[in-house]
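Asks:
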Amino acid sequence: MLDNNQLLRFTTAGSVDDGKSTLIGRLLFDSKSIFEDQLEAIESTSKKKGHEGVDLALFTDGLRDEREQGITIDVAYRYFTTPKRKFIIADTPGHIQYTRNMVTGASTANAAIILVDARHGVIEQTKRHAFIASLLQIPHVIVCINKMDLVDFSEEAYNKVISQFEEFSSKLLVKDVRFIPISALLGDNVVNRSENMDWYQGAPLLHTLETMHISSDINKVDARFPVQTVLRPQSDEFRDYRGYAGRMASGVLRKGDEVTVMPSGFTSKIKTIDTFSGEVEESFAPMSVSITLEDDIDISRGDMIVRSNNKPEAQQDIEVMLCWLNNSPAKPRAKYTIKHTSNEQKAMIKEVLYKIDINTLNRSAEDVEMSMNDICKVRIRTTKPLMVDPYRENRTTGSIILIDDATNETVAAGMIV
1 MLDNNQLLRF TTAGSVDDGK STLIGRLLFD SKSIFEDQLE AIESTSKKKG
51 HEGVDLALFT DGLRDEREQG ITIDVAYRYF TTPKRKFIIA DTPGHIQYTR
101 NMVTGASTAN AAIILVDARH GVIEQTKRHA FIASLLQIPH VIVCINKMDL
151 VDFSEEAYNK VISQFEEFSS KLLVKDVRFI PISALLGDNV VNRSENMDWY
201 QGAPLLHTLE TMHISSDINK VDARFPVQTV LRPQSDEFRD YRGYAGRMAS
251 GVLRKGDEVT VMPSGFTSKI KTIDTFSGEV EESFAPMSVS ITLEDDIDIS
301 RGDMIVRSNN KPEAQQDIEV MLCWLNNSPA KPRAKYTIKH TSNEQKAMIK
351 EVLYKIDINT LNRSAEDVEM SMNDICKVRI RTTKPLMVDP YRENRTTGSI
401 ILIDDATNET VAAGMIV
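Residues 1 to 417, numbered by UniProt numbering, are exactly what the sequence shown covers, in order.
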């Protein structure tokens, strides 16, 4: 039985006219997730534009510029619920100059939907999107082969795209790839099964999203609890209470567990685990809890409580795959603030090891200037050690962001290698 409160985040990517907005519109429309007034507004806009029916793409292209140009510019988040699950869609633009938007939208996703036009097959943009999905370790990738109505619902055209995709994706680290032939415009295999493609035996897209097993996507082995704040209520009822509040990044912690506080290395045992609604026996990701320990240890924001027999590495020299988000290029040896879980330190980019050409996936060690949308492997030096795990093992403790101290802008996001 699925937990109907379980939240699935998915991101969508495709090149300009692959029908991404139409697909999301179709999902919302056919799963009855649209309000009457929204529907009326979009019906009247569709009429003004001279469309016969409802232009489903208008549900998602929320910005006026996008509606006028018929393209998606920014990351747009949409929420919808079915009786089986809650969903958040990060609709990201497909152009190369929006690589950073795609990285932002995909960073927390459980699944990525990559759209491929059945007529054109796998193109450079498809490869780029699949590469970013693999770089961000998105556990599930659904390749929707769209516009099947324009190739006469041909099974041969569908199989051709599958073999093209599998040929290059074998080099990528994607565990679960599924293929679905769809027509977003007509609704084939989006919410309802297609009558035009009886050769396809799989489930339609919505059913696939509703039943996808995502609870094993969270790392349950490595217990990591970054401390966000120390609770000292000082009230009569809780005179001596000293709790360490935060959100479980991964793993499970139980009452009585022997734990180590990083970076100090002091050990203790968990006395209680408290939540908003009372005490619990265990906490797991992504619960927000307050932990009290049997010993009085000096702990502050940015420290991490971990199991004594399973510790992250404390590192000051960190190798990171960095996506540069800022308009101005990275300055050599400039100082930045690095944010890792609840920990903030000063840091410097020591060297750029190589840059990835996102279209060919080739590495270049010569051209190492980092400009907006570039993805590079870099070495970062921090003032104090950070308690890190490789990103492929732990998406929370394996990710960082860099903030420019002068402007306070987030300039880069990175995955620890």
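Glycine is no exception: its CB is placed at the ideal position from the N, C-alpha and C atoms.
Can you round the beta-carbon distance between Cys-376 and Leu-322 to whole angstroms, since I take them to be within the 8 Å contact cut?
Replies: Yes, they are in contact, since the Cβ atoms of Cys-376 and Leu-322 sit about 5 Å apart, within 8 Å.
Asks: Can you check which of these residues, Lys-331, Thr-337 and Val-230, is closest to Thr-292 by C-alpha distance?
Replies: Answer by Cα proximity: Val-230.
Asks: Whole angstroms is fine: what's the gap from Gln-97's alpha carbon to Gln-125's?
Replies: For Gln-97 and Gln-125, the distance between alpha carbons rounds to 11 Å.
Asks: Three Cβ pairs or more, each shorter than 8 Å: is that satisfied between the stretch 136-145 and the stretch 108-121?
Replies: Yes, the stretch 136-145 touches the stretch 108-121.
Asks: State buried or exposed for Ser-216, treating a residue as buried only when at least 16 other CB atoms are found within 10 Å of its CB.
Replies: With fewer than 16 other Cβ atoms within 10 Å, it is exposed.
Asks: What do you get for His-129, buried or exposed, if any count of 16 or more other CB atoms within 10 angstroms of its CB means buried?
Replies: So His-129 ends up on the buried side.
Asks: Tell me the DSSP bridge mates of Ile-218?
Replies: Answer is none; Ile-218 lacks a bridge partner.
Asks: So Tyr-79 and Phe-87 are in contact, right, with Cβ under 8 Å, and what is the actual spacing, rounded?
Replies: Their Cβ separation, rounded to whole angstroms, is 7 Å, which keeps Tyr-79 and Phe-87 in contact under 8 Å.
Asks: So for Glu-258, helix, strand or coil by DSSP?
Replies: Three-state DSSP puts Glu-258 in a strand.
Asks: Could you name the residues that DSSP lists as bridge partners for Trp-324?
Replies: DSSP output for Trp-324 lists Ala-412 as bridge partner(s).
Asks: Near Lys-311, what residues of its chain come up, given a Cβ to Cβ distance below 7 Å and the 5 sequence neighbours on each side ignored?
Replies: Correct list, in chain order: Thr-260 and Met-262.
Asks: Relative to the C-alpha of Tyr-244, which residue among Ser-290, Arg-254, Phe-276 and Ala-57 is closest?
Replies: Checking every option, the nearest Cα to that of Tyr-244 belongs to Ser-290.
Asks: What residue range is occupied by the uninterrupted alpha helix (DSSP H) comprising residue 447?
Replies: Summary: the structure shown does not reach residue 447, with the chain confined to residues 1 through 417, and so no result is reported for it.
Asks: Could you compute how far the alpha carbon of Leu-253 sits from the alpha carbon of Thr-82?
Replies: So the alpha carbons of these two residues sit roughly 32 Å apart.
Asks: Distance, Cα to Cα, Val-177 vs Asp-17?
Replies: The straight-line gap from Cα to Cα measures roughly 23 Å.
Asks: Taking the alpha-carbon of Gln-6 as reference, which of Glu-319, Thr-341, Glu-409 and Glu-210 has the nearest alpha-carbon?
Replies: When only C-alpha atoms are compared, the closest one is Glu-210.
Asks: Does the Cβ of Thr-221 have 16 or more other Cβ atoms within 10 Å, making it buried, or fewer, making it exposed?
Replies: The amino acid occupying residue 221 in the given sequence is Val; Thr does not appear at that position. It counts as exposed.
Asks: Give the range of the beta strand (DSSP E) segment to which Phe-168 is assigned.
Replies: Here Phe-168 belongs to no beta strand (DSSP E); instead the alpha helix (DSSP H) covers 155-169.
Asks: Have a look at Glu-43 and Pro-181 and give me their C-alpha separation to the nearest angstrom.
Replies: Distance between the alpha carbons of Glu-43 and Pro-181: 27 Å.
Asks: Taking 8 Å as the cut-off, does the stretch 365-374 touch the stretch 193-201 (at least 3 CB pairs, one atom from each stretch)?
Replies: No, because fewer than three Cβ pairs between the stretch 193-201 and the stretch 365-374 fall closer than 8 Å, the two stretches do not touch.
Asks: Please report how far the alpha carbon of Pro-390 lies from the alpha carbon of Leu-206, in whole angstroms.
Replies: Rounded to the nearest angstrom, the two C-alpha atoms are 32 Å apart.
Asks: Helix, strand or coil: how does DSSP classify Leu-149 here?
Replies: The amino acid at residue 149 is misidentified as Leu; the sequence shows Asp. Reduced to three states, the DSSP call for Asp-149 is helix.
Asks: Tell me, please, which residues DSSP counts as bridged to Tyr-354.
Replies: Bridge partners of Tyr-354: Lys-377.
Asks: In chain order, what are the residue ranges of uninterrupted beta strand (DSSP E) at least 3 long that sit wholly in the stretch 236-310?
Replies: Qualifying beta strand (DSSP E) stretches, in chain order: 243-247, 252-254, 258-262, 266-275, 278-280, 282-284, 288-293 and 304-307.
Asks: If you measure between the beta carbons of Leu-361 and Phe-131, is that distance less than 8 Å?
Replies: Against a cut-off of 8 Å, the Cβ pair of Phe-131 and Leu-361 comes out as a contact.
Asks: Please state whether the Cβ-Cβ distance between Val-122 and Phe-179 is less than 8 Å.
Replies: The answer is no: Cβ separation not under 8 Å.
Asks: Closer than 6 Å by C-beta to Asp-65: which residues in its own chain qualify, once you throw out the five before and the five after it? Chain order, please.
Replies: Residue placement at Asp-65 cannot be trusted, given a pLDDT of 49 that sits under 50; the coordinates are not used to answer.
Asks: When the distance is taken between beta carbons, is Ile-349 closer than 8 Å to Ala-330?
Replies: Yes. Within cutoff.
Asks: Kindly list the residues whose CB is nearer than 6 Å to the CB of His-51, restricted to its own chain and excluding five residues on each side of it in sequence; keep chain order.
Replies: Excluding positions up to five away in sequence, the list is empty.
Asks: Thinking Ser-342 and Arg-301 are a contact (beta carbons under 8 Å), I'd like their distance in whole angstroms, please.
Replies: Correct: roughly 6 Å between the Cβ atoms.
Asks: Val-320 and Val-411 - do their beta-carbons sit closer together than 8 Å?
Replies: Cβ distance not < 8 Å, so Val-411 and Val-320 don't count as in contact.
Asks: Give me, in chain order, the residues of the same chain whose beta-carbon lies closer than 8 Å to that of Val-417; leave out the 5 immediate sequence neighbours on both sides.
Replies: Contacts found: Glu-319, Val-320, Met-321, Lys-377, Pro-390 and Tyr-391.
Asks: Can you tell which of Glu-344, Arg-85 and Asn-394 has the C-alpha that lies nearest to the C-alpha of Pro-286?
Replies: Of the listed residues, the one whose Cα sits closest to Pro-286 is Asn-394.
Asks: Are the beta-carbon atoms of Met-148 and Asp-188 separated by less than 8 Å?
Replies: Yes, these two residues count as a Cβ contact at 8 Å.
Asks: Specify, as a first and last residue, the run of the beta strand (DSSP E) that Lys-339 falls within.
Replies: It spans 335-340 - the beta strand (DSSP E) in which Lys-339 sits, taken as one unbroken run.
Asks: Which partner residues of Leu-8 appear in the DSSP bridge assignment?
Replies: In the DSSP output, where bridge partners are listed per residue, Leu-8 has Phe-87.
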